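S.K.:
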Amino acid sequence: MTMNRSATQRCSTVWFIHFIYWIAFFASIDFIYLPTAVPASVAAFYQDEHVPTKFEYPADPNVPVITFDVTGGFQVPTPPGFQRQPTLQVFADGRIVCGTQSPERQSHEGRLTTAQLQELMEWLVREEKFLELSTEQVTKELTGYQSLMADGPTTTIKVQLAQQSQEHAVYTLKQTARDLPDATGLQTLARIETRLRSVKQLGDIGNQEILDSALTLANQHLEQELPDANPWTAAQLRTIQRSPKGGLVLTFSRAKSSSGDGYNLMLKLTRATTDAEWQIEFESR
95 MTMNRSATQR CSTVWFIHFI YWIAFFASID FIYLPTAVPA SVAAFYQDEH
145 VPTKFEYPAD PNVPVITFDV TGGFQVPTPP GFQRQPTLQV FADGRIVCGT
195 QSPERQSHEG RLTTAQLQEL MEWLVREEKF LELSTEQVTK ELTGYQSLMA
245 DGPTTTIKVQ LAQQSQEHAV YTLKQTARDL PDATGLQTLA RIETRLRSVK
295 QLGDIGNQEI LDSALTLANQ HLEQELPDAN PWTAAQLRTI QRSPKGGLVL
345 TFSRAKSSSG DGYNLMLKLT RATTDAEWQI EFESR
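Start counting the sequence shown at 95; every next residue gets the next number (the working numbering).
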């Protein structure tokens, strides 16, 4: 029994010595801790670039989040009292309003899906960085430049969020961007104008479903007539005419110099009402 007590005492002594050693060891180092907030650099490193940005839109649903307008140029004067509307307005619910610029034409509406609006805003804000493009930069890029157009159009683009907005207006934007290829701000605005014109095209038609069905029909007809021709694309949709009761006339055209298949083509789709079948007119040269 005496030997067992001694052995137990020795073990206790050894354990106590190790305990004191480890206390001293840990007291000499800095402990790892979990911060309450992740540093911005770390958050940016691990952030998935495909995670959608949560945009906060204006509280008033009647305030457009995107406005695109083209004014001036050679236009027929409007009668006194006529109130023209912006070329394109996009609202937070995805509604598209294509405004009227003359009393002979009515404004009309289309729609973007939630996903389409999100993708458009991501492109404008994250990729093209429209909100970060300053007026000072655009003004500096235009310094010393003189447009040769006597009465050209002025393009205005505005993005409006709940707490932030940005607006730019440039005279003869397309031509100016071609003349100043190294002006990064103007190149950005020119790309945005092109993209918003395609959104207006969608609004003129109504929605993506109508455009897709029209393209499908146009390409089915083209394959029957000219199996070796390249398919139609949305970029080759030249004119859109709308009439009451859902009537639509869509005209596609392209020259052989740009088509890549050696054909000059024109195709017109006509629909008298929303529920009517499409009528097709086709020309090839």
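Note that CB positions come from ideal geometry on N, CA and C, so glycine has one too. Since this is a predicted model, take the numbers as computed values, not measurements.
#1: Go ahead and pull the three-state DSSP assignment for Thr250.
#2: Restricting to Cα atoms, I'd like to know which of Glu375, Met243 and Pro152 is closest to Gly167.
#3: Which partner residues does Val343 have in the DSSP bridge list?
#4: Quick one: which unbroken alpha helix (DSSP H) runs of 4-plus residues sit fully inside the segment 170 to 219? Chain order, please.
#5: Tell me which same chain residues have a C-beta within less than 6 Å of the C-beta of Ser347, skipping the five on either side of it?
#6: For Phe176, count neighbouring Cβ atoms within 10 angstroms of its own Cβ and tell me buried if that reaches 16, exposed if not.
#7: Taking the C-alpha atoms as reference points, what is the distance between Ser307 and Leu255?
#8: With respect to 7 Å, is the separation between the Cβ of Pro325 and the closest non-hydrogen atom of the ligand ADP below this value?
#9: So, with DSSP's three-state summary, where would you put Phe376?
#10: Taking DSSP as the reference, what is the three-state secondary structure of Phe149?
#11: Taking the beta strand (DSSP E) that Val159 belongs to, which residues open and close that run?
#12: Looking only at its own chain, which residues have a Cβ that is under 7 Å from the Cβ of Leu274, when we skip the five neighbours before and after it?
#13: Just tell me which of Ser228, Lys148, Arg285 and Thr367 has its CA closest to the CA of Gln269.
#14: Rounded to whole angstroms, what's the CA-CA distance from Gly204 to Phe185? Just pull it up for me.
#15: Between Gln373 and Thr367, what straight-line distance do the alpha-carbon atoms span, to the nearest angstrom?
#16: Should the segment 213 to 222 be regarded as contacting the segment 311 to 321, the criterion being three or more beta carbon pairs within less than 8 Å?
#17: With a CB to CB cut of under 6 Å and the five nearest residues on each side skipped, what residues in its chain are close to Gln231?
#18: Out of Glu261, Ile190, Leu363 and Pro146, state which residue places its alpha-carbon closest to the alpha-carbon of Thr207.
#19: Which ranges does the alpha helix (DSSP H) cover as unbroken runs of at least 4 residues, wholly within the segment 238 to 316, from first to last along the chain?
#20: For a test of the three-state rule: what should DSSP assign to Leu236, helix, strand or coil?
#21: In three-state DSSP terms, what is Leu320?
M.R.: Result, derived from the coordinates:
#1: Counted from its first residue, the sequence shown places residue 250 at position 156. The answer is strand: DSSP assigns Thr250 an E or B state.
#2: Working through the sequence shown from its first residue, we reach residue 167 at position 73. That would be Met243, whose Cα lies nearest to the Cα of Gly167.
#3: For this step, residue 343 is matched to residue 249 along the sequence shown. According to DSSP, Val343 bridges with Gln335 and Thr364.
#4: 208 to 216
#5: As a first step, residue 347 is located in the sequence shown; it is residue number 253 there, counting from the start. Same-chain partners within the cutoff: Arg332 and Met360.
#6: One-based indexing of the sequence shown puts residue 176 at position 82. With fewer than 16 Cβ atoms within 10 Å of its Cβ, Phe176 is classed as exposed.
#7: To locate residue 307, count along the sequence shown from 1; it is residue 213. To locate residue 255, count along the sequence shown from 1; it is residue 161. Distance between the alpha carbons of Ser307 and Leu255 is about 33 Å.
#8: Absent from the structure shown: the ligand ADP. Ligands present: none.
#9: Residue numbering aside, residue 376 sits at position 282 when the sequence shown is read from its first letter. It is a strand residue.
#10: Translated into positions along the sequence shown, residue 149 becomes position 55. It is coil, neither helix nor strand.
#11: For the purposes of this step, residue 159 is taken as the residue at position 65 of the sequence shown. Note, Val159: premise wrong, no beta strand (DSSP E); not H, not E.
#12: Against the sequence shown, residue 274 aligns to sequence position 180. Once the five neighbours on either side are set aside, the close Cβ partners of Leu274 are Glu235, Tyr239 and Leu280.
#13: Within the sequence shown, numbered from 1, the residue matching residue 269 stands at position 175. Of the listed residues, the one whose Cα sits closest to Gln269 is Arg285.
#14: Counting from one through the sequence shown, the residue named residue 204 turns up at place 110. Counting from one through the sequence shown, the residue named residue 185 turns up at place 91. If I take the Cα positions, the gap works out to 11 Å.
#15: As a working mapping, residue 373 is identified with position 279 in the sequence shown. As a working mapping, residue 367 is identified with position 273 in the sequence shown. Roughly 11 Å separates the two Cα atoms.
#16: no
#17: Here residue 231 corresponds to residue number 137 of the sequence shown, with the count starting at 1. Around Gln231: Gly279.
#18: Reading the sequence shown from its first residue, position 113 is the one you call residue 207. The residue with the shortest Cα to Cα distance from Thr207 is Ile190.
#19: 267 to 273 and 278 to 299
#20: Counting from one through the sequence shown, the residue named residue 236 turns up at place 142. Leu236: helix per DSSP, three-state reduction.
#21: Here residue 320 is taken as the residue at index 226 of the sequence shown, counted from 1. Here Leu320 sits in coil by DSSP.
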